[in-house]
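Since the structure comes first, as structure tokens, the remarks are kept for the end.
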Amino acid sequence: MSEHDERRDTVDQIDLDQWVKVWEERRTFEAKGLTAPEPGLDETGQKRSYIVSMYPYPSGDLHMGHAEVYSISDVIARFDRLRGYNTLNPIGWDSFGLPAENAAIKRDLHPRTWTYDNIAVQAASFKRLGVSFDWRTRLHTSDPEYYRWNQWIFLKLFDQGLAYRKASPVNWCPKDHTVLANEQVVQGHCERCGTAVERRNLTQWFFRITDYAQRLLDDMDQLQGEWPEDILAMQRNWIGRSSGAHVDFRIVGREEPVRVFTTRPDTLYGATFFVVAADAPLARELVTDEHKEALEAYIAQLGGTSEVERLASDRAKTGVFLGTYAINPVNGEQIPVYASDYVLADYGTGALMAVPAHDQRDLDFAKAMGLPVRKVVETGEDDPAETWVATAARGTMVASGEFDGLNSGDALPAIIAHLEKQGVGEGAITYRLRDWLLSRQRFWGTPIPIIHCEDCGEVGVPVEQLPVKLPESGFSLKPDDNQSPLGTATEWLKVECPKCGKPARRDTDTMDTFVDSSWYYLRFPNPDYDQGPFDPEGVKRWLPVDHYIGGKEHANLHLLYARFMTKALHDAGLLHFVEPFKRLTNQGQVIMEGKAMSKSLGNIVNLQEQIAQYGPDAVRVTMIFAGPPEDDIDWAAVSPAGSVKWLNRVRRLASLVPESSLGADLASGDQKLRRGVHVLLDEITQKMEGGRQNVVIARLMELTTLLQQAVDSGAGAADPAVREGVEGLVIALSCFAPFTADDAWVKLGHEPSVATTSWPQVDKSLTVADEVTCIVQVNGKVRDRLQVPAGITEDDLRALSLESDAVKKAVGEATIAKVVVRAPKLVNIALAR
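Convert by adding 496 to the 1-based position in the sequence shown; the result is the number in the working numbering.
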């Protein structure tokens, strides 16, 4: 057996705990000047880098999805440190929420016990995974020290008129006893427990996010090119800006008109019926006595149908006549009023004018109910009354009174002016976005800091009395269907009104956990700060976030709420910026055999088992090598074992480089090898900067092979070029496989940790090729490939190409019409016809 083979077989296993201890003792990943200015630090001009991953929910131990997102963010943080940035990579837990409460009920525990036990498990797993967090930033949103400031922010928005309470139709899960967001209702059932969802009218707390709709749209200009285009498109669609008109329809027998919004006032003459959301209060106001029973039966029939299902284009249209008529303001025609589920109660007034000829959903309803269809815009398409296909395009106005003959685009301002002149409407802009419903009827969340007094109404809890803590006892986690857990805490509920001193009651709702996550990134720079929700100096030093990483499932609500909260706090004079996240990366899912992992499918991959079998570095490398961050990873199609083999090759290379070459003159090394090393390091650097981490690993594998070949072919491990290459390899590898890299760094004769060194410097003079391959084409077909000097002139390249035997054969007796030279890589010869 050769010495090389013997050393390969005797490489020791890496002691993971040892390296975790080294990093902790040496405070390797702590940002400088975190909680207070460090003398002289700001004067150095060192760039700062603030990298935040969407913080985890402690539902159990870390899973494969956690490994992916935190591996990606850790690569970014480690790369920035190596480039000389003062980097903050924080960690916290989104520790309130319904799953913890349900788990606690199932296990007969307090939610706090289940939550904090899981946090401890996840914290240990993060360290085992080698993620370079600054653990001083650690926060838990279920700590009173955190949710105190949730309440403070709520009161700030309440004072500004941005927090308010109103009755609203909501999705209600009778098993979980709480309101559900629309996204939590799947085919009429609760996403978590599968129970059929009901629609209820409840008095709820809201944040007035609609006041910021236009700013949320306008400020996306700051994010262009830094956020994924599909995420920006999803945000724009969720906000849903529409231009059109408000139109007032009088109702027969009712003094107050009903106002509707339409994007197509040019189609007003085509309105042949009027539709009200069945579950809107307006439906019950408009229905006549003889039709009340039918309306109530229809509302009961709708059950917990979600908004997504109600708006689906392929859903059969249903409804009931309310027995009354609306009067079209442009022609005085009386049109029947219906209640249906394809109109939403909390969108506008919950009513719309129906123009079946020019709107497909209205047309489907007209067909189902036998209602008239009147075309008022001629588009050249077939009559919708015959084809049952609506024509939505612009065209020429017909059957529209004084507006006949106008192009519908030109008619829009004319009709709006007419409505305004008659006092029955006005031009308007509306948004699909609705106010943020934040009330939850559960225990494990931030208590809403409002006191209800019979005399004074809704009164904010005085700031000096915050936090309003969750009760320790005297409550039930399983109340009856008409009461929340906090509503059972009899003693906790009793309080004096801060204004009049009379007996009053606390609010019994808790906040949606989206409130917790809408501002947590502001607190990381100083999570122990007790004079406000965040340290103004810390925010000034670190914010806004330079790079935010997380799943696409949070593309709408979480990101919109965080953007809204940032703007609201800016308007309150608390922040100096209006967008929280400069750059956004959304990672894909980890799937198994083409399907999302689930217990029911039996295809769950256990992260800890994978780490035990392959090691954390191999799991991280496999995750990232599988594809670009945004792509899904099918664990069945990747090879952690292959990653193990490569990482062992890197360690063996490091062990072969003698300490005697440490400090050697690198320029004295083999120049051909140095050129190969620097070409690869140059591309690695570019791909890292561009976020193509999977390509970086491919190039690191190439570099490993190049260096191994150099050692095996006679250059020798003692050649300074080998040391230069291996050190560059190990430094870059440390972003992906920190345990392997630190182990290899010590084998190379260095003090730990490699994380405290610098990113490899590329000698650009070595990346310029001495020779390049020139493609020679004749009439567009490749006829030869020439190795030519990189600096060859056009004249010399033309002459050399024409002397090629392959080119001469291709030209033959033909006449050359033109020779196009793009030195040094292309020559194209065109022959005369």
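Yeah, the Cβ is synthetic: ideal placement off N, Cα and C, and Gly gets one too.
When only Cα atoms are considered, leucine 1229 and leucine 512 end up about 16 Å apart.
Fewer than three Cβ pairs drawn from the region 669 to 677 and the region 618 to 638 lie within less than 8 Å of each other, which leaves the two stretches out of contact.
Judged by their CB atoms, histidine 606 and alanine 599 are not nearer to each other than the 8 Å cut-off. By the Cβ neighbour-count rule, cysteine 1231 is buried, with 16 or more other Cβ atoms within 10 Å of its own.
Fewer than three Cβ pairs drawn from the region 966 to 976 and the region 915 to 924 lie within less than 8 Å of each other, which leaves the two stretches out of contact. A distance below 8 Å separates the beta carbons of alanine 1319 and leucine 1293. Counting only runs of at least 4 residues, the region 626 to 690 fully encloses the following alpha helix (DSSP H) elements, listed from N- to C-terminal order: 640 to 655. Judged by DSSP secondary structure, leucine 1203 falls outside any beta strand (DSSP E) and instead within the alpha helix (DSSP H) spanning 1189 to 1208.
The closest CA to that of lysine 652, considering only Ile944, Ile1288, Val1101 and Tyr1044, is found on Ile944. Looking at Trp1015, Asp1003 and Pro724, the one whose alpha-carbon comes closest to that of asparagine 646 is Trp1015.
Contact between valine 1272 and serine 1300 is confirmed by a C-beta separation of about 6 Å, below the 8 Å threshold.
For arginine 750, the secondary structure class from DSSP, reduced to helix, strand or coil, is coil.
The DSSP assignment places complete beta strand (DSSP E) segments of no fewer than 3 residues inside the region 753 to 784 at 754 to 758 and 769 to 773, in order along the chain. In the assembly as shown, proline 852 is a buried residue. Its beta-carbon has 16 or more other beta-carbons within 10 Å. Secondary structure note for proline 999: its beta strand (DSSP E) is the uninterrupted segment 999 to 1002. Residue pairing by DSSP leaves tryptophan 1255 without any beta bridge partner. The beta carbon of proline 963 sits closer than 7 Å to those of Pro640, Tyr643, Arg644 and Gln647, all from its chain and outside the five residues before and after it, given in chain order. If you draw a straight line from the Cα of aspartate 717 to the Cα of proline 724, it comes to about 13 Å. Nearest neighbour of threonine 609 by Cα position, chosen from Ala573, Asn585, Thr583 and Gly556, turns out to be Gly556. Residue burial is scored here from C-beta neighbours: lysine 1243 has at least 16 other C-beta atoms within 10 angstroms and is therefore classed as buried. Between valine 839 and tyrosine 821, the gap from beta carbon to beta carbon reaches 8 Å or more. DSSP places tyrosine 1057 within a helical segment (H, G or I) once states are collapsed to three. By the neighbour-count criterion, in which a residue is buried when 16 or more other Cβ atoms sit within 10 angstroms of its Cβ, serine 1209 is exposed.
Note: leucine 1080 is bridge-paired with Tyr1044 in the DSSP secondary-structure output. Per DSSP, the continuous alpha helix (DSSP H) segment holding glutamate 725 begins and ends at 725 to 735. Straight through space, the alpha carbons of glutamate 781 and proline 761 are spaced by roughly 26 Å. Looking from the CA of proline 1234, the closest CA among Gly541, Val571 and Ala532 belongs to Val571. Within a 10 Å sphere around the beta-carbon of glutamine 720 sit fewer than 16 other beta-carbons, which makes this residue exposed. No residue range can be given for glycine 1276, since it is assigned to no beta strand (DSSP E) and is classified by DSSP as neither H nor E.
DSSP assignment within the region 1073 to 1146 yields the following whole beta strand (DSSP E) runs of 3 residues or more, N-terminal first: 1080 to 1083 and 1086 to 1088. By alpha-carbon distance to valine 1041, the top candidate from Ile510, Gly593, Val1074 and Asp1113 is Val1074. Per DSSP, alanine 822 lies in no alpha helix (DSSP H); the unbroken beta strand (DSSP E) holding it starts and ends at 815 to 823. For histidine 914, the uninterrupted alpha helix (DSSP H) segment begins and ends at 904 to 918.
About 34 Å separates the beta carbon of leucine 929 from that of isoleucine 615, a gap too long to meet the 8 Å contact definition.
The straight-line gap separating the alpha-carbon atoms of isoleucine 727 and tyrosine 927 is approximately 18 Å. Here DSSP, grouped into helix, strand and coil, assigns alanine 1313 to strand.
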